[in-house]
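> Next up is a structure, given as structure tokens.
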């Protein structure tokens, strides 16, 4: 059966379903043969559904017909990280709020082809959508004007038309609020309450991690105090809500630092930092929770029921760990990773990397910062250990789980972001301007290495393949770091950026790269591929 078997055309089907939750439609597709045949039987419907899953839009018929758009998008997926040649004219985003680092930083969020960022007045939000000649969209910039309160962070999920805004109250007893809005600034119609309440101490609390996945929203933050008594106001916590019902699913307190990111429809990953009371040594580990089995309240982190936990090696006595956080991963919903739809914007689980970032300091010289550390973990590795955990709630030691990962030191000024199985790096001190692309797709690397050694291209490829340099960590960890995950690195020059000055930050999502310029006008450059 195909969509033509229905008594309605494709456009009408899309119009009927446009106000429904697209991820719910895709789950229904897996159990409903009729819905499955409708989506899979029409290239046009499949193309539009896949774009919707990525939070992206498609323009009216124009220069390219549907078949040409699909062909170009498939070619884009193959060629994007080979040439970095924009398919649309560069867009200059004028000053409508600072786009570079400030003190404190102005938060921004890029997902699904929409860049959301807090305005200069800290009371407004700007939303920028890049143009795309392939998809036929002109691009636009719009704003949610004065919200009536100050903002400290935000997230945007175009798939659900959701903008979550963290307000910091002027009086510490009032805590903080997470306002649930649409991209037009109105209260989200799916939310039973207009905001979620955070109980914090004091009002300067800063979120450590902020993520959304379907009906659930999670945050890790500083200086938390719930109705429980905690002995140290500096301790942080994590909280998970069903943002549609307003119900608290699970909360943690009692640890020194928490960052969080959803892994799937069941599991959430936490970075937890604990400082021992007797010797002051910092312990860092990863923890996985089944948030659908939450306790509907706050519990001390020691009393939580974890699926499993992953230990990190102990730091040297003169070193302490700071800013142990999860960089935002590109995670799609369970069951949506094996779709055969047309647009190339969904990463499979085996092609996704989790990026852990932490900073280490010498205790005697806190002002002397050592390099930051990036820890790259294939999502498939975490899920394998989660599946093996069963009901045992095991601890996995560093030498047990770390060999399938990759660690690298880098300097503060280097911008890094993850896209699928790639870690993309930009260093503004290097000329000519270029992106350094680290590819962790093991199948791709091993396939290229298996080619004839007499092939000059294969030899050149092999020169770019590395594993973790253990010597970089001898003055950080007491245990030696030994890993085997392969990484292939290459540089892609960007001559089309030469006319611009220094770049402060870089954002990558789907078919666009945005560069925030370090200039007086706070401009940004958008390149669509």
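Residue numbers (the numbering used here): -16 to 512. Backbone N, C-alpha and C define an ideal beta-carbon position, used for all residues, glycine too. Source: prediction; values computed, not measured.
1) Excluding five sequence neighbours on each side, which residues of the same chain lie with their C-beta closer than 7 Å to the C-beta of residue 171?
2) Per the DSSP calculation, residue 410 is bridged to which residue(s)?
3) Can you list, in chain order, the residues of its chain whose CB lies under 8 Å from that of residue 276, leaving out five sequence neighbours each side?
4) If you reduce the DSSP assignment to three classes, tell me which class residue 501 lands in.
5) Consult DSSP for residue 24 and reduce its assignment to one of helix, strand or coil.
6) Going by the DSSP bridge assignment, what does residue 112 pair with across the sheet?
7) Expressed to the nearest angstrom, what Euclidean distance is found between the alpha-carbon atoms of residue 459 and residue 247?
8) Could you give the residue range of the beta strand (DSSP E) that holds residue 281?
9) Would you tell me roughly how many angstroms separate the C-alpha atoms of residue 502 and residue 488, rounded to the nearest one?
10) Going by C-alpha to C-alpha distance, which of 402, 478, 371 and 387 sits closest to residue 451?
11) Run the CB neighbour count on residue 422, radius 10 Å, all protein chains shown included, and call it buried at 16 or more, exposed below.
12) Determine the extent of the beta strand (DSSP E) in which residue 180 is found, giving its start and end residues.
13) Leaving out five residues on either side along the sequence, give the residues of the same chain with a beta carbon under 8 Å from the beta carbon of residue 234.
14) Whole angstroms is fine: what's the gap from residue 444's alpha carbon to residue 431's?
15) In the DSSP assignment, find the unbroken alpha helix (DSSP H) run with residue 381 in it and report its ends.
16) What do you reckon, are the CB atoms on residue 337 and residue 309 nearer than 8 Å?
17) Helix, strand or coil, according to DSSP, for residue 194 in the structure here?
18) Is there a C-beta anywhere in chain D that falls below 8 Å from the one on residue 364?
19) Work out the CA separation of residue 398 and residue 499 for me, nearest whole Å.
20) Along the beta strand (DSSP E) that carries residue 244, what are the first and last residues, could you check?
21) Can you give me the C-alpha to C-alpha distance between residue 20 and residue 268, rounded to a whole angstrom?
22) How about residue 411 and residue 396: are their beta carbons less than 8 Å apart?
23) By Cβ distance below 7 Å, which residues in the same chain neighbour residue 380 in space, the five residues on each side in sequence not counted?
24) Short of 6 Å in beta carbon distance, which residues of its chain neighbour residue -3, apart from the five on each side in sequence? Order them along the chain.
25) Mind checking residue 510: buried by the 16 CB within 10 Å criterion, or exposed?
26) Quick check: what's the CA-CA separation for residue 441 versus residue 472?
27) Can you list, in chain order, the residues of its chain with a C-beta nearer than 7 Å to that of residue 358? Leave out the 5 residues immediately preceding and following it.
28) By the three-class DSSP mapping on this structure, what secondary structure does residue 287 have?
29) Just the C-alpha distance for residue 404 and residue 365, rounded to the nearest angstrom, thanks.
30) Go ahead and pull the three-state DSSP assignment for residue 487.
31) Skipping 5 residues on each side, what residues in its chain have a beta carbon closer than 7 Å to that of residue 417?
Considering the structure as presented:
1) In the chain shown, counting from the first residue as 1, residue 171 sits at position 188. For residue 171, where only same-chain residues beyond five positions count, the Cβ hits under 7 Å are 145, 163, 164 and 165.
2) The count along the chain shown starts at 1 and reaches residue 410 at position 427. Answer is 397, bridged to residue 410.
3) As a first step, residue 276 must be located in the chain shown, where it is residue number 293. Answer for residue 276: 288, listed in chain order.
4) Position 518 of the chain shown, counted from the first residue, corresponds to residue 501. Coil.
5) As a first step, residue 24 is located in the chain shown; it is residue number 41 there, counting from the start. Helix.
6) For the purposes of this step, residue 112 is identified with residue 129 of the chain shown, where counting begins at 1. Answer is 123, bridged to residue 112.
7) Translated into the one-based positions of the chain shown, residue 459 becomes position 476. Translated into the one-based positions of the chain shown, residue 247 becomes position 264. One C-alpha to the other measures close to 32 Å.
8) Residue mapping note: residue 281 aligns to position 298 of the chain shown, counting from 1. 281 to 283 is the span of the beta strand (DSSP E), which, as asked, contains residue 281.
9) Your numbering for residue 502 matches position 519 in the chain shown. Your numbering for residue 488 matches position 505 in the chain shown. So the alpha carbons of these two residues sit roughly 12 Å apart.
10) Indexing the chain shown from 1 puts residue 451 at position 468. For the residues 402, 478, 371 and 387, the minimum Cα distance to residue 451 belongs to 387.
11) As a first step, residue 422 must be located in the chain shown, where it is residue number 439. So residue 422 counts as buried.
12) Here the question's residue 180 lines up with position 197 in the chain shown. Segment 178 to 181, the beta strand (DSSP E) holding residue 180.
13) Here the question's residue 234 lines up with position 251 in the chain shown. Excluding sequence neighbours, residue 234 sits near 209, 220, 221, 222, 223, 280, 281 and 282.
14) Taking the chain shown and counting its residues from 1, one reaches residue 444 at position 461. Taking the chain shown and counting its residues from 1, one reaches residue 431 at position 448. Taking the straight line from one Cα to the other gives about 8 Å.
15) The sequence position of residue 381 within the chain shown is 398, counting from 1. Its alpha helix (DSSP H) spans residues 381 to 384.
16) Along the chain shown, one-based indexing puts residue 337 at 354. Along the chain shown, one-based indexing puts residue 309 at 326. Cβ distance < 8 Å, so residue 337 and residue 309 count as in contact.
17) The sequence position of residue 194 within the chain shown is 211, counting from 1. Strand, per DSSP.
18) Here there is only one protein chain, and chain D is not present.
19) Walking along the chain shown from the start, residue 499 turns up at place 516. Walking along the chain shown from the start, residue 398 turns up at place 415. Their Cα atoms are separated by approximately 11 Å.
20) As a position in the chain shown, residue 244 is number 261, starting the count at 1. Where residue 244 is concerned, the enclosing beta strand (DSSP E) stretches over 240 to 245.
21) For this step, residue 20 is matched to residue 37 along the chain shown. For this step, residue 268 is matched to residue 285 along the chain shown. About 45 Å.
22) The sequence position of residue 411 within the chain shown is 428, counting from 1. The sequence position of residue 396 within the chain shown is 413, counting from 1. Taking 8 Å as the Cβ cut-off, residue 411 and residue 396 qualify as a contacting pair.
23) On the chain shown, residue 380 is found 397 positions in, with the first residue counted as 1. Only 294 meet the Cβ criterion.
24) Locating residue -3 in the chain shown gives position 14, where the first residue counts as 1. Cβ neighbours of residue -3 beyond the five flanking positions: 31.
25) As a position in the chain shown, residue 510 is number 527, starting the count at 1. Residue 510 is buried by the Cβ-count criterion.
26) Position 458 of the chain shown, counted from the first residue, corresponds to residue 441. Position 489 of the chain shown, counted from the first residue, corresponds to residue 472. When rounded, the distance between both Cα atoms is 14 Å.
27) The residue labelled residue 358 in the question sits at position 375 within the chain shown. Counting only Cβ-Cβ distances below 7 Å, and skipping sequence neighbours, we find 339, 388 and 390.
28) Sequence index remark: in the chain shown, residue 287 carries index 304 (1-based). Here residue 287 sits in coil by DSSP.
29) Here residue 404 corresponds to residue number 421 of the chain shown, with the count starting at 1. Here residue 365 corresponds to residue number 382 of the chain shown, with the count starting at 1. Approximately 14 Å, taken between the alpha carbons.
30) By one-based count along the chain shown, residue 487 stands at place 504. Strand at residue 487.
31) By one-based count along the chain shown, residue 417 stands at place 434. Once the five neighbours on either side are set aside, the close Cβ partners of residue 417 are 474, 475, 476 and 477.
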